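In full-length UniProt numbering, the protein residues as written are 1 to 231. Note that beta-carbon positions come from the ideal geometry of N, C-alpha and C, so glycine has one too. Since this is a predicted model, take the numbers as computed values, not measurements. Reading through the structure tokens given below for one structure.
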């Protein structure tokens with residue numbers, strides 16, 4: 001994945017700007033920043049689900065957002081792909097597998113359990129096994145289920161938002177180890193968190209937001225001045 005000078009501008013100004021990144025297979029990139037710094041929007045842009053205002057992004061040589069979506073998969077983004085609280089873990093897995101078709105599922109009968117294992121989610125540790133409802137999952141378990149569902153799409157790029165939010169300290173370290181392990185197996189993994197220190201030991205790259213805030217403000221001032229002159 002290669003991003004050059006990415007930026008997204010919303011109705012109230014720049015959500016983020018001046019982001020450049022190169023993330024190869026086998027790497028774990030962690031985007032850090034406080035709430036409102038544009039972390040989630042950046043991840044959605046990298047996944048081809050949000051169109052940048054400026055800059056370019058290619059994933060596996062693909063530049064069109066619809067093409068990027070074919071190789072990039074989202075973990076749990078509560079505001080984008082929330083779980084159905086009334087469905088069980090098993091039902092969520094079945095729903096994600098259904099579009100792959102019967103023949104694919106027949107050739108890969110253990111795909112769901114393999115994805116759960118790679119995500120570090122043991123159904124045996126859940127209150128009701130794989131029949132546990134989504135609303136009964138802890139935050140750590142929910143993040144891991146989101147990762148498992150994403151892995152079923154066999155992506156080249158995996159994106160996970162707010163990985164450590166709401167997860168106890170010990171569990172956070174285990175979760176980072178899981179994400180690092182997925183990268184070590186060849187995935188390109190990009191995730192976001194607020195605390196850079198907790199990810200420093202496992203991340204290949206730390207990308208703090210905002211980027212070049214002073215430069216961005218200067219450009220905004222010039223843009224506003226130009227707009228005022230035209231008026």
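Legend entry - Reduced DSSP category for residue 174 - H, G, I as helix; E, B as strand; rest coil: Walking along the chain shown from the start, residue 174 turns up at place 174. It is helical.
Inset, instruction - Give a yes or no on contact between the segment 123-141 and the segment 74-88, applying the rule of three or more CB pairs nearer than 8 Å. - result: Yes: the two stretches touch, three or more of their Cβ pairs being nearer than 8 Å.
Inset, instruction - Give me the Cβ distance between residue 65 and residue 48, rounded to the nearest whole Å; I'm assuming they're in contact under 8 Å. - result: In the chain shown, the residue the question calls residue 65 occupies position 65. In the chain shown, the residue the question calls residue 48 occupies position 48. Contact between residue 65 and residue 48 holds, since their C-beta atoms are separated by about 4 Å, short of 8 Å.
Legend entry - Proximity to residue 26 [Cα-Cα], best of 190, 17 and 149: Here residue 26 is taken as the residue at index 26 of the chain shown, counted from 1. Measuring C-alpha to C-alpha distances from residue 26 to each of 190, 17 and 149 identifies 190 as the nearest.
Inset, instruction - Check whether the segment 15-22 touches the segment 172-189, taking contact to mean three or more Cβ pairs, one atom from each stretch, closer than 8 Å. - result: At 8 Å Cβ cutoff, the stretches do not touch.
Legend entry - Segments assigned alpha helix (DSSP H), at least 4 residues, entirely inside the segment 104-134: The qualifying runs are 111-119.
Legend entry - For residue 10, the residue or residues it bridges with in DSSP: Against the chain shown, residue 10 aligns to sequence position 10. According to DSSP, residue 10 bridges with 13.
Inset, instruction - Counting only the same chain and skipping the five closest in sequence on each side, list residues whose C-beta sits under 7 Å from that of residue 208. - result: Counting from one through the chain shown, the residue named residue 208 turns up at place 208. Cβ neighbours of residue 208 beyond the five flanking positions: 32, 33 and 196.
Inset, instruction - Mark residue 40 as exposed unless 16 or more other C-beta atoms lie within 10 angstroms of its C-beta, in which case mark it buried. - result: As a first step, residue 40 is located in the chain shown; it is residue number 40 there, counting from the start. With 16 or more Cβ atoms within 10 Å of its Cβ, residue 40 is classed as buried.
Inset, instruction - Run the CB neighbour count on residue 200, radius 10 Å, all protein chains shown included, and call it buried at 16 or more, exposed below. - result: In the chain shown, counting from the first residue as 1, residue 200 sits at position 200. Flag for residue 200 reads exposed.
Legend entry - Inter-residue Cα distance where the pair is residue 43 and residue 154: Position 43 of the chain shown, counting from 1, holds the residue named residue 43. Position 154 of the chain shown, counting from 1, holds the residue named residue 154. If you take the alpha carbons of residue 43 and residue 154, they lie about 18 Å apart.
Legend entry - Inter-residue Cα distance where the pair is residue 168 and residue 142: Start at 1 with the first residue of the chain shown, and residue 168 comes out as number 168. Start at 1 with the first residue of the chain shown, and residue 142 comes out as number 142. Roughly 13 Å between the two C-alpha positions.
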